[in-house]
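> Structure incoming, see below.
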Amino acid sequence: MQSTDTHLNANHARKFSRRERSATLAFWAFVAPMVIGLTVFTLIPIVWGFLLSLSHAQNTIHVGHFIGLANYQDLLTDEQFLRSLWTVVIFALFIVPLTYVVSLSLALLVNRVGWGRPFFRTVFFLPSAVSYVVASLIWRVSLFNGLPFGFANKVISAFGVGPIAWIGTVNPPWYWLVLVTARLWLQVGFYMIIFLAGLQEIPRSVYEAAAVDGADRGWAVLRHITLPQLRNTSISVLLLNLIAAFQAFDEFYNILGGSGASVGNTALARPPLVYLYGLALSDQDFGRGTAGAFILTMLIFAVTLIQGRILGFGQAD
Amino acid sequence: MKTRPWQDRLGDVGRYGLLALLALLFLIPFYLILRNAFMTDAQITSFHWSWLPLPPHGENFQQLFKDPAAPLLTGLENSAIIAITTLVLQMLFSSMAGYALARIPARGRSVVFFLIVATLMIPGAVTFVPTYAVMAYLGGVNTRWGIIAPGLFSAFSTFLFRQFYLGFPAEIEEAGQLDGLGYFGIYWHLLVPNSTSVLMSLGVLTFIGSWNSFLWPLVIGQDPSSWTVQVVLSTFLTAQTLELAHLFAAAAIGILPLVIVFLLMQRYIVEGAKFSGGK
Amino acid sequence: MLTGCGRSPNGSGGRVTLTHWYHQYGETGTQDAVVRYAQEYTKLHPDVDVQVVWVPGDYHTKLATALLTSGGPDIFESQLSVPMVTAEQVVPLDDLFTPETRRDFSERDLASNSVNGKIYGIKMLDDTGVLYYRKSLLDTAGLQPPTTMDGLIDAAKKLTSSTRKGLFLGNDGGISALLTIGPWSAGSDFLVGDKIVFDNPRTVAFYDKLRALNDAGALLIGAPTDWWDPSALTQGLTVMQWGGLWAFPAIHKALGDDVGGMGWPAFDEGGKPVTFLGGWSAMVNAQSRHIEEAKRYVKWLWIDNKKIQQDWCLSYGFHVPPRISAARSAAPLRAPLPALAMKNLEVYGRFLPPAWNSAMNTALTDAVTNILKQGRPAADEIHAAAKKCERELKRLLE
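Next up, the structure:
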């Protein structure tokens with residue numbers, strides 16, 4: 002991938018400036034709709050949000066009452082907010098590797114079978130069609146309700162285990178099982194598809210060459226051929242997954258609290274966006290709400306950079 | 002084809018066994034939605050577990066479509082229009098941008114890419130209220146385009162298209178240039194036809210995302226005639242009377258179109274990822 | 237359909253359209269009812285149209301967002317908060333009352349809608365809490381309705397069997413349902429004037445006792461529905477349940493006369509029974525272009541019109557009409573259990589003042605969760621939460 006790009010660049014350096022101008026023109030023509038759209042509906046709101054984060058903006062989104070970094074200072078000394086950052090880091094540590102391993106394994110399994118492949122692919126991708134609201138409802142009401150007739154309790158009762166209050170129990174913290182399985186179910190199918198596409202892009206010749214070199218099937222092939230060939234795909238999957246994990250909101254909000262539940266359980270595991278939702282939309286303190294979101298962005302940015310260092314994200318560019 | 006050793010066959014049996022087990026696990030929630038959709042509220046919260054809704058209460062669905070307070074048909078229609086428009090335009094805009102970012106060397110390219118990745122990292126929570134204010138300024142509140150417009154521009158899709166086009170074989174592009182194709186020609190005649198897999202999988206995902214979005218359509222739309230299927234669904238979640246059976250029935254109806262789209266498209270998803278023929 | 241067509245300032249002469257937002261009430265018929273009221277008003281005032289907007293789902297977010305721009309509703313329902321007044325989102329409505337109508341609203345309904353002595357919201361319905369219990373099952377166990385927290389814990393334990401729990405307080409073990417009810421029953425309070433006052437031994441004692449109740453194994457946890465929904469009681473999952481008076485019709489239908497009700501019992505001899513005062517209030521958007529028309533409409537709808545109040549509160553669901561005379565003359569409220577609940581509300585009803593916000597609620601909720609679920613020392617947690625609430629309050633009032 003890298004070579005293609007530099008190759009083009011080298012080619013391009015030799016061309017005269019008219020071609021360079023036409024390239025620039027073409028580039029901007031192609032990105033124009035996206036750039037304009039993102040500017041109006043995302044960038045301007047981001048800048049607006051940033052100015053709000055420097056303002057005292059209570060029940061208003063007018064910028065003007067500037068108070069410097071007071072909102073940031075307030076949040077960084079707010080124990081509840083700091084705990085929410087900690088919560089989301091732990092969540093990401095669980096969910097990102099799990100999603101990676103599960104979706105890659107599914108892709109490898111599905112890719113190896115001939116008969117029935119479309120069926121399995123569809124089954125695993127199908128949960129992507131379900132919204133977090135609906136999934137949370139199933140998880141809370143039917144799958145993991147705490148009574149003997151809840152599905153999970155029905156299943157464990159077959160092994161002689163008594164009913165567990167999955168969502169309210171802290172020792173051990175079963176609610177993490179509830180939260181993690183919900184997200185896994187919803188998202189692994191999509192990442193599996195990305196991996197499948199990546200797997201099919203690996204040229205057959207690479208495997209054939211390996212076979213000649215005497216590399217056996219199984220782990221050796223996976224480690225020395227498949228995984229390196231999937232490097233770009235893996236980077237995309239990890240990056241997107243990591244960002245999504247840090248922005249977790251829906252399952253925490255809907256399974257532990259939300260419409261139709263007591264909010265007491267939200268205190269068990271409250272990621273930053275749930276906390277900030279309370280600040281910004283329940284209390285309408287838009288200054289602190291946006292400041293918190295920018296702190297979270299910094300955290301995401303930092304973690305992405307670290308991950309990039311480890312996996313070499315920068316090189317792929 | 003060589004005759005396959007017995008270890009391979011054993012491996013096959015193991016793989017199929019494992020896949021079947023996983024498939025079963027993945028289908029449990031769907032089974033629960035359907036089971037609950039055909040039950041009464043009392044059966045869903047009953048102390049006695051039953052595997053099947055017997056007798057099935059199909060009238061849940063009839064009542065849903067008759068309920069004037071929850072215009073389900075209108076919701077399905079609105080969601081379809083919104084999701085299809087979003088799908089087509091978002092795929093167009095993000096594949097164009099992804100192509101340019103991956104393949105057209107130009108000044109400012111890395112700046113644009115950085116901006117797109119940065120918007121990916123900033124949670125929508127920052128932008129939600131300001132975006133509403135921008136929309137109010139543009140006069141989009143209470144209109145259909147106001148519901149659709151922000152969803153057309155996706156940093157996520159652009160990022161994935163760019164990653165995909167980065168890996169596109171340079172030979173195809175060079176062949177196109179020799180044939181006298183300009184940037185647009187290469188994009189339209191060579192890259193788009195060879196991006197079926199990404200277009201399909203991202204397209205399906207975009208469709209789902211648009212279909213399932215709730216808060217924005219709720220905040221922008223006002224009249225029940227503008228409600229999307231998710232907004233209609235939320236009417237069953239209100240306080241004071243939780244109608245579980247209707248809620249699950251409505252959820253089943255909300256998911257059904259997506260399942261149909263999946264089944265129709267699944268052939269193209271992934272399988273299209275072979276551009277060996279493109280030479 | 238676009239709103240806000242009337243151009244002429246304050247509608248002098250021209251035709252005016254008022255937009256009126258409601259959150260979606262669950263009860264069948266409520267939407268038709270509010271549309272009917274609006275039409276009735278137009279019949280009496282042909283120059284004013286009222287467009288009702290019925291909002292399902294996340295009403296608070298939609299309302300909060302709309303109030304930030306000029307495109308919000310003219311009239312809306314909400315619960316009053318201090319920043320709504322300081323940010324000038326609502327207008328004072330004191331001049332809509334005559335001395336007579338003002339006396340006909342309870343002090344609580346006026347105070348919960350007042351900031352700095354001015355009234356900003358007109359109560360549309362009163363909600364209150366009831367501790368429901370199955371009479372027959374208490375009789376079988378030889379129990380009287382409990383009058384103290386210890387009695388309640390004892391009863392809950394005795395009523396618990398293999399198929400049924402003794403008490404249901406919500407799936408979080410009562411954290412949210414009793415967050416303020418509990419300390420009130422022990423004689424404590426939360427926010428008085430501009431002071432946070434809950435950091436005291438009585439508050440701590442209640443939450444400690446709530447932990448004991450949670451540890452007793454007598455609470456229903458993990459039910460498919462929560463405390464405000466009657467299913468757990470009507471399905472026989474629990475013998476006693478803290479719920480709302482709004483659930484009474486469903487409970488009565490399912491259990492007939494085999495149900496009794498009371499307020500939340502006094503913590504001990506030093507406490508007193510308590511219940512909450514909840515509900516919704518109508519307010520007028522300060523950014524409305526038709527403030528005067530909107531105020532007149534609100535006065536007609538929620539102050540003067542007792543018949544509408546009774547219809548609204550009792551024909552569809554089960555709420556107490558805010559006007560005392562309307563509540564007293566309403567037939568459905570004369571049945572024994574509702575009559576008792578209404579009396580409890582009059583004598584023991586409590587509410588949180590408009591200066592209490594969700595940040596404070598979250599801080600307190602976290603503290604109580606730590607006490608109940610993590611077993612942390614209650615006094616420390618409550619002290620820390622009070623400090624945080626004081627900071628929040630200072631921010632709010634500055």
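Protein chains in written order, with this note's numbering: chain A, 2 to 318; chain B, 2 to 280; chain C, 237 to 634. Glycine included, each C-beta is placed from N, C-alpha and C at the ideal position. Here the structure is a predicted model, which is why all the values come from computation and not from measurement.
For the stretch 73 to 99 of chain A, which residues have a CB atom closer than 7 Å to at least one CB atom of chain B, in sequence order?
Of all residues in the stretch 73 to 99 of chain A, none has a Cβ within less than 7 Å of some Cβ in chain B.
> Of the residues C/R525, C/L576, C/A620 and C/A622, which one's Cα is nearest the Cα of C/T253?
For the residues C/R525, C/L576, C/A620 and C/A622, the minimum Cα distance to C/T253 belongs to C/R525.
> Identify which residue in A/A303, A/L105 and A/F247 has its Cα closest to the Cα of A/L231.
Checked all of A/A303, A/L105 and A/F247; the closest Cα to A/L231 is A/L105.
> Pick helix, strand or coil for B/Y138, following the three-state DSSP scheme.
It is helical.
> Quick one, are the C-beta atoms of C/E263 and C/Y552 less than 9 Å apart?
Yes. Within cutoff.
> Can you list, in chain order, the stretches of the beta strand (DSSP E) that have 3 or more residues and sit fully within the stretch 355 to 397 of chain C?
Entirely contained in the stretch 355 to 397 of chain C, the beta strand (DSSP E) runs reaching 3 residues are, in chain order, 358 to 369.
> Our contact map puts B/A251 next to B/L73 with C-beta atoms below 8 Å; I'd like the distance itself, whole angstroms only.
At roughly 7 Å, the Cβ-Cβ gap stays under 8 Å, so B/A251 and B/L73 are in contact.
> In whole angstroms, give me the CA-to-CA distance for A/S54 and A/L306.
Near 24 Å, if we compare the C-alpha coordinates of A/L306 and A/S54.
> So C/T255 is in the beta strand (DSSP E); what residue range does that whole segment cover?
Segment V252 to H259, the beta strand (DSSP E) holding C/T255.
> Residues of the stretch 225 to 255 of chain A with a CB closer than 7 Å to any CB of chain C: list them in chain order, please.
Here the close residues number zero.
> Which first and last residues belong to the beta strand (DSSP E) in which C/K401 is found?
K401 to F404 is the extent of the beta strand (DSSP E) around C/K401.
> Assign A/G151 to one of two classes, buried (16 or more other C-beta atoms within 10 Å of its C-beta) or exposed (fewer than that).
By the 10 Å Cβ count, A/G151 comes out buried.
> For B/P151, does the count of other Cβ atoms within 10 angstroms reach 16, so buried, or fall short, so exposed?
Burial call: buried.
> Do C/G182 and C/A518 have their C-beta atoms within less than 9 Å of each other?
As shown, chain C starts at 237 and ends at 634. That puts residue 182 of chain C outside it, with no answer to give.
> So what does DSSP say about A/W49, is it helix, strand or coil?
It is helical.
> Which residues in chain B sit within 8 Å of A/W186, going by Cβ to Cβ distance?
In chain order: F27 and P30.
> B/R110 by DSSP, collapsed to three states: which one?
Correct three-state label for B/R110: helix.
> From C/A459 to A/S137, what distance separates their C-alpha atoms?
Distance between the alpha carbons of C/A459 and A/S137: 15 Å.
> Please compile the residues from chain A whose C-beta is within a distance smaller than 7 Å of the C-beta of C/K394.
Ordered by position in chain A, no residue passes the 7 Å Cβ test against C/K394, which lies about 21 Å from the chain.
> Which same chain residues end up closer than 8 Å to C/D386 when comparing Cβ atoms and leaving out the 5 residues on each side of it in sequence?
Excluding positions up to five away in sequence, the list reads K445 and D504.
> Name the DSSP bridge partner or partners of A/I79?
Per the sequence shown, residue 79 of chain A should be read as Asp rather than Ile. BP columns for A/D79 are empty, so no partner.
> Given that B/G186 touches chain A, what residues does it touch there, using C-beta distances under 8 Å?
In chain order: nothing, as chain A lies at least about 11 Å away.
> Alpha carbon to alpha carbon, how far is A/D284 from A/Q81? Give it in angstroms, no decimals.
Each residue's alpha carbon lies about 16 Å from the other.
> Indicate the three-state DSSP secondary structure (helix, strand or coil) for B/I261 in the structure shown.
Here B/I261 sits in helix by DSSP.
> Could you have a look at C/M596 and say whether DSSP puts it in helix, strand or coil?
Note: C/M596 maps to helix in three-state DSSP.
> Who are the Cβ neighbours of A/S4 in its own chain at under 6 Å, not counting the five residues just before and after it?
Reliability of the predicted coordinates at A/S4 is poor, the pLDDT of 44 falling under 50, and no value is obtained from them.
> Around the Cβ of A/F160, are there at least 16 other Cβ atoms within 10 angstroms (buried) or fewer (exposed)?
Its Cβ having fewer than 16 others within 10 Å, A/F160 is exposed.
> Which residues in the same chain have their Cβ closer than 7 Å to the Cβ of A/L86, if we skip the five residues on either side of it in sequence?
Once the five neighbours on either side are set aside, the close Cβ partners of A/L86 are P273 and L300.
> Report the partner residues of C/G585 according to the DSSP bridge assignment.
Note: C/G585 sits in a beta bridge opposite C/T511.
> Can you tell me the Cα-Cα spacing of A/D286 and B/P69, whole angstroms?
Straight-line Cα distance between these residues: approximately 37 Å.
> Does the separation of the CB atoms of B/S1 and B/S211 fall below 9 Å?
An answer regarding residue 1 of chain B cannot be provided, because it is not within the stretch 2 to 280 covered by chain B.
> List, in order along the chain, the chain C residues whose C-beta lies closer than 8 Å to that of A/I168?
Simply N407 and G458.
> Applying the criterion that 16 or more other CB atoms from any shown protein chain within 10 Å of the CB defines a buried residue, is C/M237 buried or exposed?
Caution is warranted here: a pLDDT of 37 is assigned to C/M237, below 50, making its placement in the model unreliable, and no coordinate value can be reported.
> C/P282 CB to nearest chain A CB: under 9 Å?
No, C/P282 does not count as interfacial toward chain A.
> Below 8 Å on C-beta distance, what does C/Q471 contact in chain A?
None at all; the shortest Cβ gap to chain A is about 10 Å.
> Can you give the Cα-Cα distance for A/D318 and A/Y73, rounded to whole angstroms?
In this prediction, A/D318 has a pLDDT of 40, which is less than 50 and means its spatial position is unreliable; what the coordinates show is noted afterwards. Rounded to the nearest angstrom, the two C-alpha atoms are 33 Å apart.
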